[in-house]
Amino acid sequence: MNKVNSNRPNRIKFAIYFALSVSFISAMAMSLNKEKVPAVSILDNNVSINTPAENKDDANKTKARLEAESKEAFIAAYKVFMHPRCLNCHPAGDIPLQGDDSRLHPQGVKRGPDGKGLYALKCKNCHQDTHVAGEHMPPGHSGWHLPPANLKMVFEGKSPKQLAMHFKDSKFTGFKTLDKMLEHVEKEPLVLNSWTYGTPPPLSHEEFVAKVREWIEKGAAVPDK
Numbered sequence: 136m137n138k139v140n141s142n143r144p145n146r147i148k149f150a151i152y153f154a155l156s157v158s159f160i161s162a163m164a165m166s167l168n169k170e171k172v173p174a175v176s177i178l179d180n181n182v183s184i185n186t187p188a189e190n191k192d193d194a195n196k197t198k199a200r201l202e203a204e205s206k207e208a209f210i211a212a213y214k215v216f217m218h219p220r221c222l223n224c225h226p227a228g229d230i231p232l233q234g235d236d237s238r239l240h241p242q243g244v245k246r247g248p249d250g251k252g253l254y255a256l257k258c259k260n261c262h263q264d265t266h267v268a269g270e271h272m273p274p275g276h277s278g279w280h281l282p283p284a285n286l287k288m289v290f291e292g293k294s295p296k297q298l299a300m301h302f303k304d305s306k307f308t309g310f311k312t313l314d315k316m317l318e319h320v321e322k323e324p325l326v327l328n329s330w331t332y333g334t335p336p337p338l339s340h341e342e343f344v345a346k347v348r349e350w351i352e353k354g355a356a357v358p359d360k
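In this note's numbering, the protein residues as written are 136 to 360.
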């Protein structure tokens, strides 16, 4: 009987130690959870938690915005591409266009295989290295020519949608990448020459290049029409 009673204090101590251990472990778990997930008051209206679905929605909105801005940039640049200073050298046929009304070039002038004229009717016969002085005299440039017969790059009659699609086709432009096309409109001397005679395009050359660059950098989106 005394032996049984002598074990009672040990059982009591064990029970106390066990209860304290359980409490300590529970407190540690709660502390770790608090570190991982900060407490947020349900009354705090400034707190927002982005779910995967919301992140995807934001990405879709950004994509749609960039696409719209890319299309707008091309529409602005399109007005230059279709202006007589550009269009006249990118006709649908083999006869270059002339003047602000884009009429057919007289004197029987035609493209020729290399774009520099056919037979004795070479572009350079009239279009000298510099502009010929006087009213209605031919503008000049050392490299005056149309695109060659195997790569005509026709602008005439093309809608914004059609032209944008063509510009993305290396078989149409002859450029392997859109960056090469951008380099062409930015640095090609004959392109720069288009702002030096007659009625200038609706954008400055710098503005034109900026719009083409924006179109490309924001995805080269094709206009709807």
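Where a beta carbon is used, it is the ideal one built from N, C-alpha and C, also for glycine.
Here Phe290 has Phe216, Met217, Cys221, Leu222, His225, Leu298 as same chain residues with Cβ atoms under 7 Å from its own Cβ, once five neighbours each way along the sequence are excluded. DSSP, read as helix, strand or coil, puts Arg348 in helix. DSSP places His319 in the uninterrupted alpha helix (DSSP H) bounded by 313–322. DSSP places Gln297 in the helix class (H, G or I) of the three-state scheme. DSSP, reduced to helix, strand and coil, places Leu232 within a strand of the structure shown.
Three or more Cβ pairs closer than 8 Å define a contact, and the stretch 184–202 falls short of that threshold against the stretch 245–260. As computed with DSSP, Lys257 is found in a beta bridge with Gly252. Of all alpha-carbon atoms in His271, Pro283, Val267, the one lying nearest the alpha-carbon of Ser277 is that of Val267.
In the DSSP assignment, Val215 falls within the alpha helix (DSSP H) that extends over 187–216.
Per the DSSP secondary-structure output, Leu338 pairs with nothing in a beta bridge. In terms of Cα proximity to Ser339, the closest of Lys214, Pro273, Lys206, Ser205 is Lys214.
Pairing Gly292 with Met272, the inter-Cα distance amounts to about 27 Å.
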